[in-house]
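Asks:
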Amino acid sequence: MSELVRKVGTLVRRPPRDLQPSLHQAATTERVAFVGRHLTWADLPAQTRRAARRPSVLVTEDVQRDPRVWMDGGRAYELASGWRVYEDAVLIALVRRPLLPAVAGFHRPAGPWTHLQVQTEELRGPLRRRRGLVAVADELTEQPPALLGAVRDEDSSAAEAWTYLPSTVRDDAERLVPEPEIWFGQIVQGSTAQGLPLSQSVQILRMSATRAVVVMADRALPPRVAGDVDRRRSQLARTPWLVEQVGSDLGTPAARLERG
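Read left to right, the sequence shown gives residues 1292 to 1551 (the working numbering).
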């Protein structure tokens, strides 16, 4: 099975222009294009992985690329952030790798990822958890909510992934962290070698200066479900999400940095 990430701004077919979704709707994944390989912690430098280890239990982790191209001394490079949530802390790692210009103005990797830093935020008290199956079929819309036009560039992936979740899930997390200072997240689709959709997962980290909330949502088609790609896309888009929300207050406001 391959895991593909959502390509921001790319749809299989353009939705009708007259759709005006409300805050109580969720964007459908039926026409979403998933491309590229999902970056994981195994892709990060050994130095980064060592700096982000803790003796406590790992709850979840993810890695996502920054959509922007950065410049340093006239050379282009890209950034990626890996985040890990343990039972007693949140760790955020930053890595980068050089880029070379390619055809049509796009850039391509020109070297390995290198370690920059790991930021540690200690949690205060035990994690609070909620878990349940949440339906989404009755609130689907073909056009994402308008919030995507009002977020920072670095939050675009998380903001888009957020729109695919049921409104009740978003409302609960937004009450705990209304205005995140750190907002990571993306949607990933698992597919067969023939491109048939199998599963989807969304992982979101929302952090303010005082609190962290993680939303983990997964759904999958039954093993023997029939249909071509379009039919399976439609079925998966209407499948309920199994959602787990994990949260805690943060400890001291000052973050500890471990630099390589």
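Using N, Cα and C, we set each Cβ at its ideal position, and we do this for glycine too.
Determine which residues share a DSSP beta bridge with threonine 1351 and list them.
Replies: Val1376
Asks: What are the complete beta strand (DSSP E) segments, minimum 3 residues, inside the stretch 1446-1513?
Replies: 1473-1482, 1488-1498, 1502-1511
Asks: Assess, as a yes-or-no matter, whether the stretch 1451-1464 is touched by the stretch 1490-1505 under the definition of 3 or more beta carbon pairs within less than 8 angstroms.
Replies: yes
Asks: Between the Cα of proline 1553 and those of Ser1490, Trp1374, Thr1459, Arg1366, spot the shortest distance and give me the residue it belongs to.
Replies: Residue 1553 lies beyond the residue range present for the chain, which begins at 1292 and ends at 1551; the question has no answer from this structure.
Asks: Taking the alpha helix (DSSP H) that leucine 1424 falls in, what are its first and last residues?
Replies: Unbroken run through leucine 1424 is the beta strand (DSSP E), 1405-1425; no alpha helix (DSSP H).
Asks: Please confirm whether glutamate 1470 and serine 1499 have their CB atoms less than 8 angstroms apart.
Replies: yes
Asks: What span of residues does the beta strand (DSSP E) with valine 1326 cover, start to end?
Replies: 1323-1328
Asks: Smallest Cα separation from tryptophan 1532: which of Tyr1455, Phe1397, Asp1540?
Replies: When only C-alpha atoms are compared, the closest one is Tyr1455.
Asks: For my contact list, aspartate 1357 and glutamate 1445 are in at a C-beta cut-off of 8 angstroms; report their separation, rounded to the angstrom.
Replies: 6 angstroms
Asks: Kindly list the residues whose CB is nearer than 7 angstroms to the CB of serine 1313, restricted to its own chain and excluding five residues on each side of it in sequence; keep chain order.
Replies: Because the pLDDT of serine 1313 is 47, which lies under 50, any placement of that residue in the model is unreliable, and the number read from its coordinates should be weighed accordingly. Non-local C-beta neighbours of serine 1313 in its own chain, meaning closer than 7 angstroms and more than five positions away in sequence, are absent.
Asks: Tell me whether leucine 1527 sits in a helix, a strand or coil according to DSSP, three-state version.
Replies: helix
Asks: Between which two residues does the beta strand (DSSP E) harbouring arginine 1344 extend?
Replies: Careful: arginine 1344 lies outside any beta strand (DSSP E) and carries neither H nor E.
Asks: In three-state DSSP terms, what is serine 1539?
Replies: Correct three-state label for serine 1539: strand.
Asks: Kindly list the residues whose CB is nearer than 7 angstroms to the CB of valine 1360, restricted to its own chain and excluding five residues on each side of it in sequence; keep chain order.
Replies: Ala1367, Glu1369, Leu1390, His1398
Asks: According to DSSP, which residues form a beta bridge with histidine 1571?
Replies: Look at the range of the chain in this structure, 1292 to 1551, and you will see that residue 1571 is not part of it.
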